[in-house]
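K.L.:
Residue 74 is where the sequence shown starts when you use our numbering, and the numbers rise one by one after that.
All C-beta atoms, glycine included, are put in the ideal place defined by N, C-alpha and C.
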Amino acid sequence: MTEFLNYLADRIGIVALLTGIIFMFAGLMMMKYPPKKINDLYGYRMPSVMKSQERWDFAQKFSAVKSFQLGVLLFGVSFLNPLIGINQLQSCNIGIGVMILGCAYMVFVTEKAIKKNFPNKE
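1) Where L65 and I87 are concerned, what is the direct C-alpha to C-alpha distance, given to the nearest angstrom?
2) Starting from the Cα of K188, find the closest Cα among F135, L90 and G149 and give me that residue.
3) When we look at the beta-carbon of N154 and count the other beta-carbons within 10 Å, is it buried (16 or more) or exposed?
4) The alpha helix (DSSP H) with P155 in it runs from where to where?
5) Do you know whose CA, among S164, Y117, N112 and I95, lies nearest V182's CA?
6) Nearest-angstrom Cα distance between G144 and F98?
7) With the cut-off set at 7 Å, would you say G100 and A132 are in Cβ contact?
8) Which residue comes first and which comes last in the alpha helix (DSSP H) that contains D52?
9) Let me check understanding here. Comparing Cα to Cα, which of M172, I111 and Y178 lies closest to L91?
10) For V182, which of helix, strand or coil comes out of DSSP?
11) If you measure between the beta carbons of G168 and A89, is that distance less than 7 Å?
12) Looking at the C-beta of K109, does it have a partner C-beta in chain D at a distance below 7 Å?
Here's what the structure looks like:
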C-alpha cells in the first residue's frame with residue numbers, strides 16, 4: 074500500500090487533489106443543503122452578505138457553484154506533474170497557491186455579484 078501511495082504522490086499533486094475533492098464535495102453539499110438562515114456556523118459568511126436574508130440566500134447559491142468550480146480546477150491541477158515534469162514540493166506549492174488564489178477569486182467574484190444584484194440595498 075505504501076508503494077502505491079508513493080507512486081501516486083510522485084505522479085499527482087496530492088494537495089491539489091485532496092483540496093479539489095473537498096471543495097467539490099463542499100460545493101455540492103452547499104448546493105443541495107444551503108443554510109436556510111443567516112448563521113455564524115457555516116456558509117458564505119461575509120458582512121455584506123449577512124445584512125439581509127435575500128443577500129444570504131443569493132450568496133449561498135452563488136458561492137456553492139464557485140466552490141465546486143474551484144474544486145474542479147484544483148482536481149485538474151493535481152494531474153500536472155507528469156505533463157510538465159515537476160517534483161512533489163513544486164506540486165505542493167502550486168496546489169497551495171491555486172487554492173489560495175482560487176479562494177480569493179471566489180470571494181471577489183461573489184462580492185462583485187452581491188454588489189451587482191443588490192446595488193442600493195443596505
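P.N.:
Working from what's here:
1) Because residue 65 is not part of the residues shown, which for the chain are 74 to 195, the question remains open.
2) Of the candidates F135, L90 and G149, F135 places its Cα closest to the Cα of K188.
3) By the neighbour-count rule (16 or more Cβ atoms within 10 Å), N154 is buried.
4) Where P155 is concerned, the enclosing alpha helix (DSSP H) stretches over N154 to I157.
5) Y117
6) The alpha-carbon atoms of G144 and F98 are separated by roughly 8 Å.
7) no
8) With the chain running from 74 to 195 in the structure shown, residue 52 is simply not present.
9) Among M172, I111 and Y178, the Cα nearest to that of L91 belongs to M172.
10) helix
11) yes
12) Although the question refers to chain D, the structure presented lacks it and comprises just one protein chain.
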